[in-house]
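>
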Amino acid sequence: MYINGQWQQASSGKSFDVFNPADGDRIGSVPDGGREDAERAIAAASTAAPAWSARTAYERSAILRRAWELMLARADELARLMSTEQGKPVKAARFEVQYAADFLLWFAEEAKRLYGETIPSARADQRFLVAHQPVGVVAAITPWNYPVSMLTRKLAPALAAGCTVVLKPAESTPLCARAVFEILHEAGLPAGVANLVTAADPRPIGEVFTSHPAVRKITFTGSTAVGKALARDAAATMKRMSMELGGHAPFIVFPDADPEHAAKGAAGVKFLNTGQACISPNRMFVHRAILDAFVHTLAQRIGKLRAGLGLDPDVAIGPLNNEAALAKVARQVEDAVAKGAQLVCGGERLHLPGLEKGCFYAPTLLTGVTPDMQIYREETFGPVAAVIPFDDTDDILAMANDTDYGLAAYVYTRDIARAFRMFEGLRFGIIGINDINPTSAAAPFGGMKESGLGREGAREGIFEYLETKLGGFAV
Ligand code: NAD
3 MYINGQWQQA SSGKSFDVFN PADGDRIGSV PDGGREDAER AIAAASTAAP AWSARTAYER
63 SAILRRAWEL MLARADELAR LMSTEQGKPV KAARFEVQYA ADFLLWFAEE AKRLYGETIP
123 SARADQRFLV AHQPVGVVAA ITPWNYPVSM LTRKLAPALA AGCTVVLKPA ESTPLCARAV
183 FEILHEAGLP AGVANLVTAA DPRPIGEVFT SHPAVRKITF TGSTAVGKAL ARDAAATMKR
243 MSMELGGHAP FIVFPDADPE HAAKGAAGVK FLNTGQACIS PNRMFVHRAI LDAFVHTLAQ
303 RIGKLRAGLG LDPDVAIGPL NNEAALAKVA RQVEDAVAKG AQLVCGGERL HLPGLEKGCF
363 YAPTLLTGVT PDMQIYREET FGPVAAVIPF DDTDDILAMA NDTDYGLAAY VYTRDIARAF
423 RMFEGLRFGI IGINDINPTS AAAPFGGMKE SGLGREGARE GIFEYLETKL GGFAV
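Note that the sequence shown covers residues 3 to 477 in this note's numbering.
1) DSSP has L352 in a bridge; who is on the other side?
2) Could you give the C-beta distance for Y467 and K219, rounded to a whole number, given that I count them as a contact under 8 Å?
3) Pull up the CB-CB distance for N147 and A279, whole angstroms please, since I reckon it's below 8 Å.
4) Does the structure place the segment 186-193 close enough to the segment 205-220 that three or more beta carbon pairs sit under 8 Å?
5) Apart from the five residues on each side of it in sequence, which residues of its chain come closer than 6 Å, Cβ to Cβ, to V132?
6) Find out if the Cβ-Cβ distance for the pair V139, E469 is shorter than 8 Å.
7) At which residues does the beta strand (DSSP E) containing L106 begin and terminate?
8) Does the pairing of the segment 398-416 with the segment 242-260 give three or more beta-carbon distances under 8 Å?
9) Hey, could you find the ends of the beta strand (DSSP E) H289 is sitting in?
10) For the ligand NAD, I want to know if F105 counts as a neighbour, meaning its beta carbon is within less than 7 Å of at least one of the ligand's heavy atoms.
11) Could you tell me which uninterrupted alpha helix (DSSP H) segments, each at least 4 residues in length, are contained entirely in the segment 362-433, listed from first to last along the chain?
12) Comparing the CB of Y412 with every heavy atom of the ligand NAD, is any distance shorter than 7 Å?
13) Quick check on this structure: which residue in V92, T299, A110 has the alpha carbon closest to the alpha carbon of W70?
14) Is P23 near Q100, with beta carbons less than 8 Å apart?
15) Within the segment 6-91, note down every full beta strand (DSSP E) run reaching 3 residues or more, in order along the chain.
16) For N197, which three-state DSSP category applies?
17) Report yes if the C-beta of T144 is less than 7 Å from at least one heavy atom of the ligand NAD; otherwise report no.
18) Within its chain, find whatever has a CB closer than 6 Å to the CB of T223; leave out the 5 residues flanking it on each side and keep chain order.
19) Does the beta carbon of D294 come closer than 8 Å to any beta carbon on chain B?
20) Determine which residues share a DSSP beta bridge with F183 and list them.
21) Is the separation between the beta-carbon of A113 and that of S55 shorter than 8 Å?
22) For E466, does the three-state DSSP call read helix, strand or coil?
23) Would you say the beta carbon of G384 is closer than 7 Å to some non-hydrogen atom of the ligand NAD?
24) My assumption, with CB atoms under 8 Å, is that G448 sits in contact with E458. Please give the rounded CB distance.
25) In the DSSP assignment, find the alpha helix (DSSP H) that holds S151 and state where it starts and stops.
26) Whole angstroms are fine: how far does the CA of L80 sit from the CA of H187?
27) Is the separation between the beta-carbon of F392 and that of R290 shorter than 8 Å?
28) Determine the extent of the beta strand (DSSP E) in which T221 is found, giving its start and end residues.
29) Report yes if the CB atom of T369 is closer than 8 Å to the CB atom of P385, and no otherwise.
30) Only counting the same chain, and skipping five residues up and downstream in sequence, which positions put a Cβ closer than 8 Å to that of R506?
31) Looking at the strands, I want to know which residues DSSP matches up with H134.
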């Protein structure tokens, strides 16, 4: 763990092992932190807060910029570590490191643009001044599926804003978190400004984070169920909150779209990170007029996806996170088939030589999916493309919006008026129009409804870590 600028063991002296999810090999071990460690880290962050917020934006920016340089300098090394610890193909890991580094540079720049404003008053003897100040100590909890970029997406804006941070990474990917903190340390971040607490059991740490009076903000990325529980607990001390939660993205292909182009896009985004992404399409609404061509191309693309060890350059599909994740995917596929969906390909666990311990599931294509099937409502978080044919283009907006989630949505059409109607009518935070990658450090990421609160990245991302302060001056 990294507390107050020093690498330390847990107070209990305990540690836990980290495994390669593809072959089950033990790849390391980290301290198993508990309540006391979380409290120590919060104390360090509280002590460091006044001096850090008093630094100029230029000084904070310079440290983040140095971290950006260091991350890019060791991008290949980090990508290999990520591939080994999380299982994703090394090429995808390399893209993630670039994305992660982008947040460091973006917020190094945004730090210098925290403009306030003056507001005209109705009183001649009054002046209004609006300024932004850091919220204070931030507690961050991050997931395993993007084990580097989800850290910098929180750390960079928080540090740029002048906040101090305590971060708890996912229990299956603490080595990537450690590598990120090594970079911050080498970049010259002062002691106590960012602290890392690793733990095998997240619950006690979460309880300290949500109840501690010194913590003024909780930022979380993970499942909707855990996000809701943390928000409920944090409400007792009225902490600020950012929540990046689950999704159930619609992927809508209108009859005027090129079905092959759309299917290639669908394959690209659906099987990214083996479907373990919150922006992964969960319902592919495809117009019946182009259904056959779409399904044919998608099946062809799926046929080319090879599963295996992420370090193998030909591999596109890594393992699922654990047995429970695999069981959920298998249950959804069985349920859909039992209720009449057609299984075009996949639909089974893969037993790969030498990788028997890995939770590999074959890339799967289902068509004829209907609203009574579990996959229609429940987030899959696995490599299953569920195609729902539709006939009436007037119904599609209501069908797509018929979910408790609201993170990402995708639309394929060549009709500009239709593209605008969909962009405006879809109740989702991120809309890809003929585009499967509407994400960037420069663009606001986040969801509506039960997909969360707040936005990460972009100009907006730093305001999640700032309070607005009004001054009324009588002159
Ligand atoms: P999870 O919610 O179980 O775990 C995420 C993090 O929360 C981990 O660090 C974990 O240790 C921690 N955690 C779990 N229980 C906790 C508790 N009681 N108290 C404190 N911390 C706790 O999620 P998961 O199932 O491992 O991850 C997949 C989910 O995350 C999916 O639903 C996915 O959509 C979501 N996700 C969302 C985004 C986004 O940006 N919106 C990004 C990645 C993942």
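For glycine and all other residues, C-beta sits at the position ideal for the given N, C-alpha and C.
Straight from the coordinates:
1) For the purposes of this step, residue 352 is identified with residue 350 of the sequence shown, where counting begins at 1. According to DSSP, L352 bridges with F362.
2) Against the sequence shown, residue 467 aligns to sequence position 465. Against the sequence shown, residue 219 aligns to sequence position 217. The pair is a contact, with the Cβ atoms about 7 Å apart (cut-off 8 Å).
3) Your numbering for residue 147 matches position 145 in the sequence shown. Your numbering for residue 279 matches position 277 in the sequence shown. Yes, N147 and A279 are in contact; Cβ-Cβ is about 6 Å, under 8 Å.
4) no
5) Along the sequence shown, one-based indexing puts residue 132 at 130. Around V132: G118, E119, L472.
6) Position 137 of the sequence shown, counted from the start, is the residue given in the question as residue 139. Position 467 of the sequence shown, counted from the start, is the residue given in the question as residue 469. No.
7) Indexing the sequence shown from 1 puts residue 106 at position 104. Not the beta strand (DSSP E): L106 falls in the alpha helix (DSSP H), residues 92-112.
8) A contact exists between the segment 398-416 and the segment 242-260.
9) Position 287 of the sequence shown holds residue 289. Its beta strand (DSSP E) spans residues 283-289.
10) Residue mapping note: residue 105 aligns to position 103 of the sequence shown, counting from 1. For the ligand NAD, not one heavy atom lies less than 7 Å from the Cβ of F105.
11) For the segment 362-433, whole alpha helix (DSSP H) runs of length 4 or above, ordered along the chain, are 376-379, 398-403, 418-427.
12) Taking the sequence shown and counting its residues from 1, one reaches residue 412 at position 410. Not so, every heavy atom of the ligand NAD lies at least 7 Å from the Cβ.
13) To locate residue 70, count along the sequence shown from 1; it is residue 68. With distances taken between Cα atoms, W70 lies closest to A110.
14) Indexing the sequence shown from 1 puts residue 23 at position 21. Indexing the sequence shown from 1 puts residue 100 at position 98. No.
15) 17-21, 28-33
16) Within the sequence shown, residue 197 is the residue found at index 195, counting from 1. In the structure shown, N197 sits in a strand (DSSP, three-state: E or B).
17) Here residue 144 refers to the residue found at position 142 of the sequence shown. At least one heavy atom of the ligand NAD is found less than 7 Å from the C-beta of T144.
18) The residue given as residue 223 occupies position 221 in the sequence shown. Cβ within range, chain order: T144, P145, M152, E246.
19) Structure shown: chain B not included; a single protein chain is present.
20) The count along the sequence shown starts at 1 and reaches residue 183 at position 181. F183 is not bridged to any residue.
21) Indexing the sequence shown from 1 puts residue 113 at position 111. Indexing the sequence shown from 1 puts residue 55 at position 53. Against a cut-off of 8 Å, the Cβ pair of S55 and A113 comes out as no contact.
22) In the sequence shown, counting from the first residue as 1, residue 466 sits at position 464. Three-state result, E466: coil.
23) For the purposes of this step, residue 384 is taken as residue 382 along the sequence shown, with counting starting at 1. It does not: the Cβ of G384 is nowhere closer than 7 Å to a heavy atom of the ligand NAD.
24) Taking the first residue of the sequence shown as position 1, residue 448 is located at position 446. Taking the first residue of the sequence shown as position 1, residue 458 is located at position 456. With a contact defined as Cβ atoms closer than 8 Å, G448 and E458 qualify at about 6 Å.
25) On the sequence shown, position 149 is the one that residue 151 refers to. Start and end: 151-163.
26) In the sequence shown, the residue the question calls residue 187 occupies position 185. In the sequence shown, the residue the question calls residue 80 occupies position 78. Their backbone Cα atoms lie some 16 Å apart in a straight line.
27) What you label residue 392 is simply residue 390 of the sequence shown in a count that begins at 1. What you label residue 290 is simply residue 288 of the sequence shown in a count that begins at 1. The answer is yes: Cβ separation under 8 Å.
28) Position 219 of the sequence shown, counted from the start, is the residue given in the question as residue 221. First-last of the beta strand (DSSP E) with T221: 217-223.
29) In the sequence shown, counting from the first residue as 1, residue 369 sits at position 367. In the sequence shown, counting from the first residue as 1, residue 385 sits at position 383. No, Cβ-Cβ distance for T369 and P385 is not below 8 Å.
30) Missing from the structure shown is residue 506; the chain here goes from 3 to 477 and no further.
31) As a first step, residue 134 is located in the sequence shown; it is residue number 132 there, counting from the start. H134 pairs with T470.
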